[in-house]
Each structure stands twice: as structure tokens, then as C-alpha cells.
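**Q** Taking this note's numbering, the leading residue of the sequence shown gets 216, the next gets one more, and so forth.
Note that beta-carbon positions come from the ideal geometry of N, C-alpha and C, so glycine has one too.
Since the model is a prediction, treat every value here as computed from it, not as a measurement.
Sending over a structure as C-alpha cells; questions will come in a sec.
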Amino acid sequence: GALIGMTNGACLKACHNGSPEDSTYWGIRSDDSGQSSAHAAFPIYAGGAEPIGIVYATEDLSVQADQSATSLTRTLLAVALTLVVAALTIGALIDTLVLKRLARMTDHMQDISMRLAGGDLEAVFTPDGTTDEIGSFEAFFADFISLVSVTLEQLANRD
Numbered sequence: 216g217a218l219i220g221m222t223n224g225a226c227l228k229a230c231h232n233g234s235p236e237d238s239t240y241w242g243i244r245s246d247d248s249g250q251s252s253a254h255a256a257f258p259i260y261a262g263g264a265e266p267i268g269i270v271y272a273t274e275d276l277s278v279q280a281d282q283s284a285t286s287l288t289r290t291l292l293a294v295a296l297t298l299v300v301a302a303l304t305i306g307a308l309i310d311t312l313v314l315k316r317l318a319r320m321t322d323h324m325q326d327i328s329m330r331l332a333g334g335d336l337e338a339v340f341t342p343d344g345t346t347d348e349i350g351s352f353e354a355f356f357a358d359f360i361s362l363v364s365v366t367l368e369q370l371a372n373r374d
């Protein structure tokens, strides 16, 4: 529970003993046992520069501090888990949509190139018809293979 009171005497002894240096009138502190408490102290002046007493309040915040720590831990765990799932999902999408497609394309290109090098002038590379970067490269390679086939056929017919 809260402790609220009024006392005569030095403010530092009644409420602020052990509080952080930058918290003259209020603060939250933890002790070595893990207990957290909030305190507030307001000096009472009687016309002079020195206070003649204080009004003080202290409250045990251990339950709220523990709940906040638990909530923070759960939130950080949820964020970390979300990042891991997102990274795995993005990796799987890149593998499925890009890398496997590139692997199929390079295997097909190697097959066509080897057939053409072996003398199969009828070898034709058929692009998949997409208009993205991979599809554009496939179209270029199909045109290149056609050009090489025609050139090799003309050279063969020249003899």
C-alpha cells in the first residue's frame, strides 16, 4: 500500500535516502532484493530558504514493475519470433520464385548449348514467355541460339 505522511526535519533522511541524484522531489528506485518503489517528497517552507518539513508519499511498485518486465519480455519474444518467421518466409519465396527458376533455366541452357555444340542444329531454346529480367534474358538467349544455329548451318552448307 501507499504510505503518505508529513514530518518535520530533513527531507533527505525521511524520504530521499538512496534516491538518484537528479530526482529532488520524486523518483522510482529498486533495491537489491528486486523491490521497486515510487516516492515523492514536497518540502514545506515557512518563509525561509530552508524547508521546515516535508509531505511525502511512497508506494510499492514491485507488482507493476514485474508485470512490465514480463510484458516487455513477451513483446520482445513476439517481435523476435515474427522476424524469424518473416525471414524464413522471404527466404522460401526467393528460393521458390527466383532461385529454382534460375536453376531450371541454366540447366535448359546448358542442355541446348551442348546439343548445339554436338552438331544438333535443330536445337531450339524456348523462353517461358515472362517479361521480367529472367524472361528477358531467356528471350535473348533464344535469339542467340537461333543466330548461332543459322550461322553454323550456313557454314556447314558452304563446304
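Determine the contact status of F352 and F340, defining contact as a CB-CB distance below 7 angstroms.
**A** no
**Q** Nearest-angstrom Cα distance between V278 and G262?
**A** 40 angstroms
**Q** Consult DSSP for L246 and reduce its assignment to one of helix, strand or coil.
**A** Note on residue identity: the sequence assigns Asp, not Leu, to residue 246. It is coil, neither helix nor strand.
**Q** Would you list the one or two residues that DSSP bridges to P266?
**A** Beta-bridge partners of P266 (DSSP): Y260.
**Q** Alpha carbon to alpha carbon, what distance is there between G249 and P258?
**A** 28 angstroms
**Q** Rounding to the nearest angstrom, what Cα-Cα distance links I243 and H254 in this structure?
**A** Per the coordinates, the alpha-carbon of I243 lies some 6 angstroms from the alpha-carbon of H254.
**Q** Assign Y260 to one of two classes, buried (16 or more other C-beta atoms within 10 Å of its C-beta) or exposed (fewer than that).
**A** exposed
**Q** Quick check: the Cα distance between R373 and H323, rounded to an integer number of angstroms?
**A** 30 angstroms
**Q** For S245 and T273, what's the separation of their Cα atoms in angstroms?
**A** 13 angstroms
**Q** Under a three-way DSSP split, which group does A318 fall into?
**A** helix
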